[in-house]
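Since the structure comes first, as structure tokens, the remarks are kept for the end.
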Amino acid sequence: MGKSNSSRDWTQIYAIYGMDQWQTLVFLLFHAVFFSLLSLFFLFYFEFIFHFFQAFLSSPSAARFAAGFSGCVTAISAVCLFFAAANFFYSAGPLHYDMAQRMVGSVNDWSTVKLALDIGCGRGILLNAVATQLKKSGSSGRVVGLDPSKPTTLSTLRTANMEGVGEYVTCREGDVRSLPFGDNYFDVVVSAVFVHTVGKEYGHRTVEAAAERVRVLGEMVRVLKPGGVGVLWDLLHVPEYVRRLQELKMEDIRVSERVTAFMVSSHMVSFRKPSQHVVGPGEVRLDWRC
1 MGKSNSSRDW TQIYAIYGMD QWQTLVFLLF HAVFFSLLSL FFLFYFEFIF
51 HFFQAFLSSP SAARFAAGFS GCVTAISAVC LFFAAANFFY SAGPLHYDMA
101 QRMVGSVNDW STVKLALDIG CGRGILLNAV ATQLKKSGSS GRVVGLDPSK
151 PTTLSTLRTA NMEGVGEYVT CREGDVRSLP FGDNYFDVVV SAVFVHTVGK
201 EYGHRTVEAA AERVRVLGEM VRVLKPGGVG VLWDLLHVPE YVRRLQELKM
251 EDIRVSERVT AFMVSSHMVS FRKPSQHVVG PGEVRLDWRC
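Dropping the structure here:
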């Protein structure tokens, strides 16, 4: 899959799109600072801590080891938390933007695209990347952003206007488990770091959550026109998606190299819906719905 063709300063990205789940970043930074201060306390008051442990341990060497080990653990915890906060900050903005460019680049010809869909459009980073590509290619097409939250869709429209692609964008609220569109409706369907959140009320590793995720994938395929292209970037469950796409007889399934996002493994998957599905004697017609 192609690399990003453009880049943007992270300050510009956050100025336009802000950050989802900023509470997580604050949580990580708060604990990183806390453990940093705690490790400094261990450093400057080591003898005091040593004597504290000695009150519980008979051996002075054991007490010194326990004090030193505790100090090392707090220091390593602080470093890990700062790293996690930095990765979260990078993933939510610059990486998301870069992956959106790569997803757009995996579609060969945008000039023929009349309708595209972004499932779980969120802040609109991918949505606006698609709209920008439509504008550059001279297409008269439009991209629809679908999100379960109405306030999010209103905010996304504002970012589209800020990016100068408002005339190419439509946003609407809807249930991603049952897309409010007819069969074979879109030329391109995309989604970025969203599908893994579907069914989270059941727990990520449950059978029920997996069923909800593949249901969204089936809907994605259903609304895609024959010959249309789907591109999905998501966390953790990509092998599950690939298996489902194979079951649905998708063609040209491609999986990108591993990308660490939000401290976990992520991959980008692209596929093409067959132009036609011939049903011969004894065959069962493929039902695009899950």
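Just so we're aligned, residue 1 is where the sequence shown starts under full-length UniProt numbering, counting upward by one.
The C-beta atom is built at its ideal place from N, Cα and C for all residues, glycine as well.
query                                                                                                                                    : result
Could you check how far apart the C-beta atoms of phenylalanine 186 and leucine 117 are, in whole angstroms? I think they sit under 8 Å. : 5 Å
Determine the contact status of phenylalanine 88 and leucine 28, defining contact as a CB-CB distance below 9 Å.                         : yes
Between the stretch 171-181 and the stretch 97-109, do three or more beta carbon pairs fall short of 8 Å?                                : no
Check the C-beta distance from valine 229 over to valine 188 and give it rounded, since I have them as a contact under 8 Å.              : 5 Å
Which partner residues of glutamate 173 appear in the DSSP bridge assignment?                                                            : Asp147
Below 8 Å on the Cβ atoms is my guess for serine 39 versus threonine 11; work out the distance and round it to an integer in Å.          : Between threonine 11 and serine 39 the Cβ distance is about 31 Å, and since that is not below 8 Å, they are no contact.
Where does leucine 235 sit, in a helix, a strand or coil, going by DSSP?                                                                 : strand
In this structure, does DSSP put lysine 3 in helix, strand or coil?                                                                      : Reliability fails at lysine 3, whose pLDDT of 42 lies under 50, so the model's placement of it is uncertain and the value that follows must be treated cautiously. Coil at lysine 3, not helix or strand.
Would you call residue 297 buried or exposed, if buried means 16 or more other Cβ atoms sit within 10 Å of its Cβ?                       : The requested residue 297 is not part of the displayed model; the chain covers only 1 to 290.
Just tell me which of Gly68, Ala131, Ile119, Phe48 has its CA closest to the CA of glutamine 101.                                        : Ala131
With distances taken Cα to Cα, identify the nearest neighbour of alanine 15 among Val238, Arg158, Val231, Gly199.                        : Arg158
Any idea which residues DSSP pairs histidine 267 with across the strands?                                                                : Asp234
Between proline 94 and aspartate 183, what straight-line distance do the alpha-carbon atoms span, to the nearest angstrom?               : 34 Å
Compare the C-alpha of histidine 204 against each of Val269, Leu235, Phe56, Leu179 and name the closest.                                 : Leu235
Could you tell me the boundaries of the alpha helix (DSSP H) in which phenylalanine 35 lies?                                             : 22-44
If we count Cβ pairs, one from each stretch, closer than 8 Å, do we get three or more for the stretch 147-167 versus the stretch 77-85?  : no
If the criterion is Cβ atoms closer than 9 Å, does the pair valine 270 and aspartate 252 meet it?                                        : Just to set this straight, residue 270 is serine in the shown sequence, not valine. Their beta carbons are under 9 Å apart, which means serine 270 touches aspartate 252 by this criterion.
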